[in-house]
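Contents: one structure, followed by commentary.
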Amino acid sequence: MKRIGSYLALAVLAGCAQHAPQEAAYTPADCLGSTALPAAVASQFDAIEDPVLLQQALGKPEQGKLCQGQVYRSKADTRVEIFRAWNSTNPNSQYGQWWAFNKPSGPVAQYRADYEICYQWSPLDKLASCTLKAGSRVVVGTGQSAQCSEYLTYPVSETQQIFIVDAADAVADCSISDGMLSWNP
């Protein structure tokens with residue numbers, strides 16, 4: 004009986020002991036869309052392995068960057084036009100890391116949502132249109148969610164983005180356009 008009482012006391016004490024909660028495994032938000040290249044440019048690239056470059060492009064939920072991605076190298080004689088909306092008050096942002104295959108059009112708010120571009124990151128008042136150089140390594144993927152403020156969070160997006168580490172060396176023949184106010188009823 005004494006032995007049973009001892010086991011019972013140990014069981015009660017063990018149940019009352021403070022256990023640190025187990026850390027939940029990091030699971031990214033479900034990514035939308037695809038990392039497959041658009042048909043119009045697919046023949047201009049080769050898929051390659053570069054885990055370091057891929058990791059640079061991927062972001063955690065609500066922190067922007069890419070949700071998913073694939074590394075590609077542009078082939079010789081590549082003539083792919085890419086676009087970047089950027090911030091004229093920061094001339095260094097002309098050759099930033101985030102680009103697109105499609106020229107921006109439509110409402111600015113929709114463009115921001117499609118590409119998860121917080122208002123405090125850029126006024127999007129300039130547009131660079133450039134040709135990607137042959138041999139350039141890029142990551143193509145879809146957007147991760149971005150929390151811009153307590154009032155604005157963009158969800159993951161199926162819109163493809165292009166991540167380029169050193170765009171100044173990866174692009175040529177750039178033309179620059181100014182953003183203009185245009186109000187539609």
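Just remember that this note's numbering sits 3 ahead of the position in the sequence shown, which is counted from 1.
Where is the CB? At the ideal position from N, CA and C, for every residue including glycine.
### Under the three-state DSSP convention, the category Ser-77 falls into
Start at 1 with the first residue of the sequence shown, and residue 77 comes out as number 74. Three-state result, Ser-77: strand.
### Query
According to DSSP, is Ala-39 helix, strand or coil?
To locate residue 39, count along the sequence shown from 1; it is residue 36. The three-state secondary structure of Ala-39, taken from DSSP, is coil.
### Query
Taking the Cβ atom as the reference point for each residue, do Tyr-118 and Cys-151 lie within a distance shorter than 8 Å?
Along the sequence shown, one-based indexing puts residue 118 at 115. Along the sequence shown, one-based indexing puts residue 151 at 148. Going by C-beta atoms, Tyr-118 is not nearer than 8 Å to Cys-151.
### Task
Find the nearest neighbour of Gly-67 within the set Gln-147, Asp-176, Asp-172, Trp-186, judged by alpha-carbon distance.
In the sequence shown, the residue the question calls residue 67 occupies position 64. Looking at the Cα atoms, Gln-147 is the closest of the given residues.
### Task
Determine the closest residue to Ile-120 out of Gly-72, Thr-162, Asp-176, Thr-92, with distance taken between C-alpha atoms.
Counted from its first residue, the sequence shown places residue 120 at position 117. With distances taken between Cα atoms, Ile-120 lies closest to Thr-162.
### Message
Helix, strand or coil, according to DSSP, for Arg-115 in the structure here?
### Response
Looking up residue 115 in the sequence shown gives position 112. Judged by DSSP in its simplified three-state form, Arg-115 adopts helix.
### Task
Within its chain, find whatever has a CB closer than 7 Å to the CB of Leu-184; leave out the 5 residues flanking it on each side and keep chain order.
Counted from its first residue, the sequence shown places residue 184 at position 181. None.
### Task
From the DSSP output, in three-state form, read off Ala-88 for me.
What you label residue 88 is simply residue 85 of the sequence shown in a count that begins at 1. Looking at Ala-88 - three-state DSSP - the assignment turns out to be strand.
### Task
Could you spell out the range, first to last residue, of the beta strand (DSSP E) harbouring Trp-131?
As a position in the sequence shown, residue 131 is number 128, starting the count at 1. Checking the sequence shown, residue 131 turns out to be Ala, not Trp. Note, Ala-131: beta strand (DSSP E), 129 to 135.
### Message
On the DSSP letters alone, give me the boundaries of the beta strand (DSSP E) that Ala-45 sits inside.
### Response
Counted from its first residue, the sequence shown places residue 45 at position 42. Element bounds for Ala-45: n/a, residue is neither H nor E.
### Message
What does the alpha-carbon distance come out to for the pair Ser-160 and Thr-145?
### Response
Sequence index remark: in the sequence shown, residue 160 carries index 157 (1-based). Sequence index remark: in the sequence shown, residue 145 carries index 142 (1-based). Rounded to the nearest angstrom, the two C-alpha atoms are 6 Å apart.
### Message
Just verifying my parser: in three-state terms, what is the DSSP assignment at Tyr-157?
### Response
As a first step, residue 157 must be located in the sequence shown, where it is residue number 154. Tyr-157 sits in a strand when the DSSP states are folded into three classes.
### Sequence-distant residues of its chain with Cβ nearer than 7 Å to Leu-69 (five each side left out)
Stepping through the sequence shown from its first residue, residue 69 is reached at position 66. Once the five neighbours on either side are set aside, the close Cβ partners of Leu-69 are Ala-60, Leu-61, Gly-62, Val-142, Gly-144, Thr-145, Gly-146, Gln-147, Gln-164, Phe-166.
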